[in-house]
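If you use the working numbering, the sequence shown corresponds to residues 29 to 265, in order. The beta-carbon is built from N, C-alpha and C at its ideal position, and this holds for glycine as well. Keep in mind the model is a prediction, meaning the values are calculated, not measured. What follows is a short report on a single structure.
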Amino acid sequence: MVAQLIRLLVRLKLTLLRNSLRTSTSQRIATIVGALVALLLTTTGTLLLALLRVVDASWAAFGVVAGGSLLVLGWGLVPLLVSGVDETLDPARFALLPLRARQLAPGLLLSGVLGIPGVATSVLALGTLITWSRAPLPELLAIPSALLGVLTCVLMSRLLTTAAARVLAARRSREVGTVVAVLLMSSLGLWPTLLSQGRLRPADAAALVDVLGWTPLGLPWAGPADAATGHPARAVV
């Protein structure tokens, strides 16, 4: 039953993606532009992950864990900011069907990986294997870390969009999401300044990694980082 649902939801998602290129010229242009932007961001992110391989392990840990945390957070915020983002496979749409959540969950998670955001996130997650190829244990842990990171991104999106649909009206949820996103983007603008002026010390970066590594945002990415910075037991946990 579960395998059949997975195949059905994957086929549905692929059909929706194919139809999005046939509906209208504006939709086709938006899809192409989105793909090009995703390609640019993915290429840039992969190059940065490759550069992190040759820097100190503590700074590599900061880059991967902090960047991965922002990626997970972005998956949760973007659907709240933009109406109509992947609403076709919203879990709430299946509420009237005689199906349990555990039956739908695998197919919804897998279908969530399909599409431009999912493919781009998967490529970036695999790029962390380059970063952690400096030693055997971090590289070994980077494989399940990448998988868990992608699944966490999709799950974060599903959880927040479903919660927002139940708790808040669509308009209000976007307003709340917009305020949070503006605050987040404003804080991101401080990081280059802190790094350029040397105000973010290695101890501060390590402390931030420790905090993020025990949150749902950074936990999937923290295992290889802990192994590379001399904490193998904590990395396995």
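Quick one: Cα of D16 to Cα of L154, how far?
What is shown of the chain runs 29 to 265, which leaves residue 16 out entirely.
Does P244 come out as helix, strand or coil in the three-state DSSP assignment?
In the three-state reduction of the DSSP assignment, P244 falls in the coil class, being assigned neither a helical nor a strand state.
Contact defined as beta carbons within less than 8 Å: I believe F90 pairs with L236. What is the distance between those atoms, to the nearest angstrom?
7 Å
Ignoring anything shorter than 3 residues, give me the beta strand (DSSP E) runs that lie fully in the segment 29-99, in order along the chain.
Listed in chain order, nothing qualifies, since the segment 29-99 has no complete beta strand (DSSP E) run of 3 or more residues.
Do you know whose CA, among V264, D232, I60, R50, lies nearest P145's CA?
When C-alpha distances from P145 are compared across V264, D232, I60, R50, the shortest belongs to I60.
In whole angstroms, what separates the C-alpha of T43 from that of G102?
26 Å
How about the segment 243-262 and the segment 165-176: do they share at least three Cβ pairs that are nearer than 8 Å?
yes
For P172, count the other beta carbons within 10 Å of its own beta carbon; 16 or more makes it buried, fewer makes it exposed. Which is it?
exposed
Tell me the rounded alpha-carbon separation between L49 and R56.
5 Å
If L142 sits next to L45, beta carbons under 8 Å apart, how far is it from one beta carbon to the other, in whole angstroms?
7 Å
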